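Protein chains in written order, with our numbering: chain A, 7 to 172; chain B, 9 to 165.
Where is the CB? At the ideal position from N, CA and C, for every residue including glycine.
Keep in mind that this is a model prediction, so the values were computed, not measured.
Take a look at the structure below.
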């Protein structure tokens with residue numbers, strides 16, 4: 007743990023880290039990009055999840071929704087990933103101190119595993135389901151994604167509000 | 009009665025005290041609802057915009073996509089507006105004198121006007137010209153993204 011802190015402090019005190027932390031506008035603007043990116047990426051993931059649960063866009067086959075939204079989900083995700091990395095860069099040690107941040111990373115990892123299993127195993131194994139009743143595995147993936155991304159957002163917003171570990 | 013008197017009265021109301029003096033996690037909860045509502049709202053709008061310019065779901069009628077996403081859009085808008093209003097009531101003086109908040113409210117008015125005049129016609133007109141669609145959609149997205157950006161800056165200025 008102490009080695010992690012040493013690394014985090016080094017990241018934070020590097021040129022880019024200090025530049026972001028000390029600039030009056032860099033940090034809030036990157037925060038803004040993070041928010042806009044996630045409303046596109048996580049937002050479209052939520053819509054896909056609701057489709058998997060059969061609650062929205064019911065007249066459009068699941069495969070089409072997945073296929074059409076994927077580039078925008080990934081594009082938005084690139085924006086969140088880059089802005090998130092920069093935000094972490096400027097406050098690495100403080101983030102390690104925050105249980106909300108660590109849990110946020112955990113939920114992102116689980117959401118990523120869920121998405122990979124769904125895209126690489128669940129979807130290819132099925133014949134196209136189109137407009138019919140979705141297999142249970144599809145609905146489970148949608149519910150898991152919806153839950154995990156909601157928890158990610160909740161933890162992310164709680165970072166400045168929750169006390170540190172010790 | 010000046011505007012400051014009004015703000016003071018709001019800030020001293022029992023509703024304001026219930027939000028700001030109970031627990032700091034009440035405020036955090038409102039922030040979370042505000043973000044989740046924004047995500048629902050913007051994602052619905054982005055999907056509809058992508059369809060309108062023909063970048064996604066091009067084989068579906070625009071009106072159908074508009075109808076399908078309208079519930080999520082309104083739920084998102086209601087959640088953001090409600091949580092935002094409660095946050096304002098809790099500490100109106102803090103927000104009133106914050107330039108990012110003023111900017112956000114100005115941009116919000118512009119965004120609503122664009123939505124009600126231009127964007128509405130994109131979803132309703134039978135065959136709008138592509139240039140009209142692209143201009144309306146581009147303006148609308150730019151406005152709403154600016155609202156989000158200005159909103160995120162409130163806590164930092």
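Presumed contact (8 Å Cβ cut-off) between residue i and residue j, rounded CB distance
i             : j             : result
residue 149/B : residue 57/B  : 6 Å
residue 140/A : residue 68/A  : 7 Å
residue 27/B  : residue 34/B  : 6 Å
residue 42/B  : residue 91/B  : 4 Å
residue 170/A : residue 103/A : 4 Å
residue 4/A   : residue 36/A  : Residue 4/A lies beyond the stretch modelled for chain A, which goes from 7 to 172, so this question has no answer here.
residue 94/B  : residue 45/B  : Between residue 45/B and residue 94/B the Cβ distance is about 12 Å, and since that is not below 8 Å, they are no contact.
residue 97/B  : residue 36/B  : Incorrect: roughly 16 Å between the Cβ atoms, too far for contact.
residue 38/A  : residue 71/B  : Actually they do not touch by this definition, with Cβ atoms about 33 Å apart.
residue 109/A : residue 101/A : Not quite, the Cβ-Cβ distance comes to about 12 Å (not below 8 Å), so this is no contact.
Minimum Cβ-Cβ distance from residue i to chain A less than 9 Å
i             : result
residue 72/B  : yes
residue 142/B : no
residue 139/B : no
residue 77/B  : yes
residue 95/B  : no
residue 52/B  : yes
residue 36/B  : yes
residue 23/B  : no
residue 43/B  : yes
residue 47/B  : yes
residue 156/B : yes
Sequence-distant residues of the same chain with beta carbon closer than 6 Å to residue i, five excluded per side
i             : result
residue 143/A : 128
residue 147/B : 122
residue 161/B : 108
residue 126/B : 144
Minimum Cβ-Cβ distance from residue i to chain B less than 9 Å
i             : result
residue 141/A : no
residue 71/A  : yes
residue 104/A : no
residue 11/A  : no
residue 125/A : no
residue 109/A : no
residue 38/A  : yes
Alpha carbon of residue i to alpha carbon of residue j, nearest angstrom
i             : j             : result
residue 49/B  : residue 80/B  : 7 Å
residue 68/B  : residue 74/A  : 12 Å
residue 125/A : residue 30/B  : 45 Å
residue 13/A  : residue 19/A  : 10 Å
residue 164/A : residue 139/B : 43 Å
residue 97/A  : residue 27/A  : 8 Å
residue 157/A : residue 116/A : 11 Å
residue 22/A  : residue 95/A  : 7 Å
residue 200/B : residue 24/A  : Examination of residue 200/B is not possible in this model, given that chain B is present from 9 through 165 alone.
residue 64/B  : residue 9/A   : 47 Å
residue 130/B : residue 152/B : 17 Å
residue 135/A : residue 61/B  : 27 Å
residue 137/B : residue 85/B  : 28 Å
Backbone secondary structure at residue i - three-state DSSP
i             : result
residue 172/A : coil
residue 105/B : coil
residue 151/A : helix
residue 133/A : coil
residue 121/A : helix
residue 29/A  : coil
residue 150/B : helix
residue 135/B : coil
residue 104/A : coil
residue 129/B : helix
residue 47/A  : helix
residue 63/B  : coil
residue 78/A  : helix
residue 27/B  : helix
residue 38/A  : helix
residue 20/B  : coil
residue 167/A : coil
residue 95/B  : helix
Close beta carbons around residue i, own chain, < 7 Å, minus the five adjacent residues each side
i             : result
residue 158/B : 108, 111, 112 and 115
residue 51/A  : 79, 151 and 155
residue 86/A  : 40, 43, 44 and 47
residue 64/A  : none
residue 99/A  : 11, 14, 15 and 18
residue 83/B  : 48
residue 145/A : 58 and 59
residue 100/B : 15, 18 and 19
Cβ-based neighbour list, residue i, same chain, cut-off 8 Å, excluding 5 preceding and 5 following
i            : result
residue 54/A : 71, 72, 75, 79, 148 and 151
residue 66/B : 59
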